Structures are given as structure tokens and as C-alpha cells.
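Peer 1:
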Amino acid sequence: MTEKSAAAILRKYGLKHTAGREALLDLLRKAERPLSHREICRGMDPMRYDPVSVYRSLQSFIAAGIVHRIEGDNRTSLYALCTCGSGGHCHPHFFCRSCGKCECLKGLAMPELPGLNDRYVVEEKRYYIRGLCQACAAENSCS
Ligand SMILES: [Zn+2]
Ligand SMILES: [Zn+2]
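So the sequence shown is numbered by the numbering used here: it starts at 2 and just counts up by one.
1) Taking 7 Å as the line, does the beta carbon of Cys-103 fall inside it for any heavy atom of ligand 1?
2) What whole-angstrom Cβ distance do Ser-78 and Cys-137 have, given they're in contact under 8 Å?
3) Hey, out of Glu-40, Ala-8, Arg-76, whose CA is closest to Leu-1's CA?
4) First and last residue of the beta strand (DSSP E) that includes Cys-83?
5) Cutting at 6 Å between CB atoms, please list the residues of its own chain near Cys-85, excluding the five before and the five after it.
6) Work out the CA separation of Arg-34 and Gly-132 for me, nearest whole Å.
7) Starting from Ile-67 and walking both ways along the alpha helix (DSSP H), at which residues does that stretch end?
8) Based on the DSSP output, what are the partners of Arg-131 in its beta bridges?
9) What does the alpha-carbon distance come out to for the pair Arg-43 and Ala-24?
10) When the Cα atoms are used, what is the spatial distance from Ala-81 to Pro-93?
11) Can you check whether the CB of Leu-28 is closer than 8 Å to the CB of Met-48?
12) On the DSSP bridge list, what partners appear for Ser-37?
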């Protein structure tokens with residue numbers, strides 16, 4: 002995934018290729034954590050890509066399954082790139098209660114819930130973990 006360029010991702014998923022979309026994907030690719038719409042707009046060149054276009058492109062990336070939306074605190078949506086093919090529900094998310102940072106825990110698998118599939122048609126799984134991130138935990142232990 003990391004070695005794939007934004008243009009290659011757009012091509013692979015049959016998405017319309019524009020300079021703005023490529024810049025948007027690049028921004029998400031380089032971000033180390035999920036970003037809010039506002040953070041994304043701040044990272045984009047406003048002359049080239051307005052907030053509405055950013056929003057529309059994010060929606061098509063979500064529909065294509067390469068970007069997933071995470072419900073953050075205060076009902077803000079966060080967006081992250083994940084091309085595993087499961088629409089982003091392949092991993093849990095961590096929220097830091099101190100700095101508010103959200104992280105994709107990509108190395109961790111979603112927990113299996115035995116018996117669930119016998120009774121329900123599962124369409125979506127979300128798993129959130131809250132606590133202190135490493136930086137905040139270190140700060141807390143020093144003071
Ligand atoms: Zn933190
Ligand atoms: Zn994620």
C-alpha cells in the first residue's frame with residue numbers, strides 16, 4: 002500500500018483522475034492518523050480544491066472502499082485511507098481522551114464475536130478503544 006502512488010490507486014479503483022483528487026489521496030496517504038474535513042481542507046491548496054469538492058471526492062473514495070469514515074468525538078467525521086478492501090472495518094480505532102487524537106490500529110484484527118452471524122446479518126462492525134496515547138501517557142507519568 003505505501004509503495005503505491007495516489008495516481009496508481011485512482012487507476013486501480015477506476016476513479017476519475019484529477020489533480021485535486023490525486024493531491025487529496027496523497028494527503029491521506031501521508032497522514033499518520035485519520036483527518037477531519039477541516040484538517041484536509043487546511044492541507045489542500047484552496048485555489049485548486051474547494052471544500053465542497055473535497056467532500057464530494059471523499060464520498061466517492063468511501064463508495065469505492067478506499068477511504069473509511071470514523072465517527073469522532075463531537076460528531077466530527079474523520080477520514081483515513083485503507084485499501085484492504087473491507088471498507089475500512091478491518092481494524093479498531095483508538096481515541097486519546099487527553100489530546101483527542103485518533104489512530105487506525107491497522108496491525109490489530111477485529112475481535113470475533115462467536116454466534117453473532119447465526120442471528121444477525123452483520124453489515125458493519127466498529128470497534129473503538131479510548132484511553133491515553135503514548136505521548137499523553139508519558140506526559141501524565143512525568144508530572
Ligand atoms: Zn494523546
Ligand atoms: Zn482506520
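Ideal placement from N, C-alpha and C gives every residue a C-beta, glycine not left out.
These figures come from a predicted structure and were not determined experimentally.
Peer 2: In terms of the structure at hand:
1) No - ligand 1 has no heavy atom lying nearer than 7 Å to the Cβ of Cys-103.
2) Going by Cβ atoms, the distance from Ser-78 to Cys-137 rounds to 23 Å, so no, they are not a contact pair.
3) No answer is possible for residue 1: the residues shown for the chain start at 2 and end at 144.
4) Per DSSP, Cys-83 is not a residue of any beta strand (DSSP E), being assigned neither H nor E.
5) Counting only Cβ-Cβ distances below 6 Å, and skipping sequence neighbours, we find Cys-91.
6) Going by C-alpha positions, Gly-132 is about 16 Å away from Arg-34.
7) Secondary structure note for Ile-67: it is in no alpha helix (DSSP H), with a DSSP letter that is neither H nor E.
8) DSSP lists Phe-96 as partners of Arg-131.
9) Going from the Cα of Arg-43 to the Cα of Ala-24 covers about 12 Å.
10) Rounded to whole angstroms, the gap between the alpha carbons of Ala-81 and Pro-93 is 12 Å.
11) Not in contact: Met-48 and Leu-28 (Cβ atoms no closer than 8 Å).
12) Its beta-bridge partners are Leu-79.
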